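Colleague:
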Amino acid sequence: MSGSCLRQLTPIYFALHIIGGYILLPLLVVTFLVSKRIKRHPTVVNFCLTWIIYSVSYSFLLYGGQKRNLCIAQLSMTYGSDAMVAAANLVLAIQVWSTFYLPWPLLRISQYCRPVKLSLMLAPPYIIFLTFSILGLHEAVAHSDSLNVDNGMYCAMSLQTFSRFTLPVVCSMFLLGASVFEVAVVFRRYSTWRTAKRACPDAYIKPLSLSPCLRAGIFLVYSWATLGACLFLLSAFESTNVYPYLVQATLPLVAFIVFGMQEDIAFVWFPCFRRRPPSSATTSSTGVCSRTFQNELENVDTATLESMASRV
3 MSGSCLRQLT PIYFALHIIG GYILLPLLVV TFLVSKRIKR HPTVVNFCLT WIIYSVSYSF
63 LLYGGQKRNL CIAQLSMTYG SDAMVAAANL VLAIQVWSTF YLPWPLLRIS QYCRPVKLSL
123 MLAPPYIIFL TFSILGLHEA VAHSDSLNVD NGMYCAMSLQ TFSRFTLPVV CSMFLLGASV
183 FEVAVVFRRY STWRTAKRAC PDAYIKPLSL SPCLRAGIFL VYSWATLGAC LFLLSAFEST
243 NVYPYLVQAT LPLVAFIVFG MQEDIAFVWF PCFRRRPPSS ATTSSTGVCS RTFQNELENV
303 DTATLESMAS RV
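For the sequence shown, counting from 1, position 43 maps to 45 in the working numbering; every step adds exactly one.
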């Protein structure tokens, strides 16, 4: 596909970023912050905010055309936003994992007040964003002669050591770490469920729900694919393949679909469809053993991961 044909798809590229990063994700964040019916951990809200910044970074050309200073600023922010969203993936995975393994006493973090603990969880992606934006700015200024907007979508730069090796390696490390924590969460859920089944083989144990892990896992896999394409396109001087551009632009929209298309959110947005709660409980106890392990599973599945990952 020629460069002129690639430019013809620019409206679609910007439309995807606007729908996902400018409209849907901000609406989701406002819902999290304002609604009393929906409770999400601050790391979830922070995760959505990073993808909003990501979309803004990749749509700078909407604001001022192909000006040199704007191009330098955009290249700086795209480098920073790529590293930031990868780090946000890792932070979210660590937070979900920590609901099972409770590492904070060992790290002596539990002694701090809640604002300090939240800062330790929420600040790293933005520190990484600032760090890589400064590094990207240095690269853009030092190699300004290699800047180009041949794709018509955002500024790129011919292959340099920073864009070719440093940024991809760092982002890959963040995503690899997130993958490890996701696997640990799945293993812990399955281990708890299997222990309950073995201890009380005749008792009714709630079937293991994989929905929370599937949500986080699906987005993590999609992040691997799209961030890989994004990092390649950042450093590609002449790339006319349209599919990596469009896949990269859909990432904020996919984030909304995976984390925003949930029942409690739909009921807040469309209260007319809200169902009435059942008048009485539908489950019955089957002995002390059943209740003990059933409560343990439900505490793990609902109170922690359902509010952290499935509701993530």
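Backbone N, C-alpha and C fix where the C-beta goes; we use that ideal spot for every residue, glycine too. Fair warning: this is a prediction, and the values are worked out from it, not measured in the lab.
From what residue to what residue does the alpha helix (DSSP H) around Asp152 run?
Modeller: First-last for Asp152: undefined, no H or E at that position.
Colleague: Strictly by DSSP, which residues pair up with Met159?
Modeller: Its beta-bridge partners are Leu149.
Colleague: Is the distance from the Cβ of Leu64 to the Cβ of Val47 below 8 Å?
Modeller: Not closer than 8 Å, so no.
Colleague: Relative to the C-alpha of Gln264, which candidate in Arg39, Leu137, Tyr15 has its C-alpha closest?
Modeller: When only C-alpha atoms are compared, the closest one is Arg39.
Colleague: Could you give the DSSP three-state label for His43: helix, strand or coil?
Modeller: Correct three-state label for His43: coil.
Colleague: Identify whether Ser37 lies in helix, strand or coil by the three-state DSSP scheme.
Modeller: Coil at Ser37, not helix or strand.
Colleague: Would you kindly work out how many angstroms separate the C-alpha atoms of Tyr156 and Leu255, rounded to a whole number?
Modeller: Distance between the alpha carbons of Tyr156 and Leu255: 18 Å.
Colleague: When you compare only the Cα positions, how much space is there between Gln97 and Asn153?
Modeller: Cα to Cα, the separation comes out at about 38 Å.
Colleague: Less than 8 Å separating the beta-carbons of Phe189 and Ala95?
Modeller: Contact: no.
Colleague: Between Ala17 and the rest of its own chain, which residues show a CB-CB distance below 7 Å, the 5 nearest in sequence each way excluded?
Modeller: Nothing meets the Cβ criterion.
Colleague: Quick test of your reading: Phe49 and Ala90, contact by CB under 8 Å. State the CB separation rounded to the nearest angstrom.
Modeller: Yes, Phe49 and Ala90 are in contact; Cβ-Cβ is about 5 Å, under 8 Å.
Colleague: Are there 16 or more other CB atoms within 10 angstroms of the CB of Ser59, so buried, or fewer, so exposed?
Modeller: Classification of Ser59: buried, given that the 10 Å Cβ count is 16 or more.
Colleague: Along the chain, where does the alpha helix (DSSP H) containing Phe275 start, and where does it finish?
Modeller: It is not in any alpha helix (DSSP H) - Phe275 carries neither H nor E in the DSSP assignment.
Colleague: Whose CA, out of Tyr245, Ala144, Ser57, lies closest to the CA of Leu11?
Modeller: Of the candidates Tyr245, Ala144, Ser57, the one whose C-alpha sits nearest the C-alpha of Leu11 is Tyr245.
Colleague: How is Gln250 classed by DSSP in three states: helix, strand or coil?
Modeller: Three-state result, Gln250: helix.
Colleague: For Gly179 versus Ser135, is the C-beta distance shorter than 8 Å?
Modeller: No; because the gap between Cβ atoms is not below 8 Å, this pair is not in contact.
Colleague: Among residues of its own chain, excluding the 5 on either side of Leu51, which ones have a beta-carbon nearer than 7 Å to its beta-carbon?
Modeller: Excluding residues within five positions, the ones whose Cβ falls inside 7 Å are Val31.
Colleague: Answer with buried or exposed for Ala85, where buried requires no fewer than 16 other C-beta atoms within 10 angstroms of its C-beta.
Modeller: Label assigned to Ala85: buried.
Colleague: State the start and end residues of the unbroken alpha helix (DSSP H) segment that holds Ile130.
Modeller: Taken as a continuous stretch (DSSP letters only), the alpha helix (DSSP H) holding Ile130 covers 116-144.
Colleague: Let me know if Arg116 comes out buried or exposed under the rule of 16 or more other beta-carbons within 10 Å of its beta-carbon.
Modeller: Under this definition Arg116 is an exposed residue.
Colleague: What does the alpha-carbon distance come out to for the pair Trp271 and Phe62?
Modeller: Roughly 31 Å between the two C-alpha positions.
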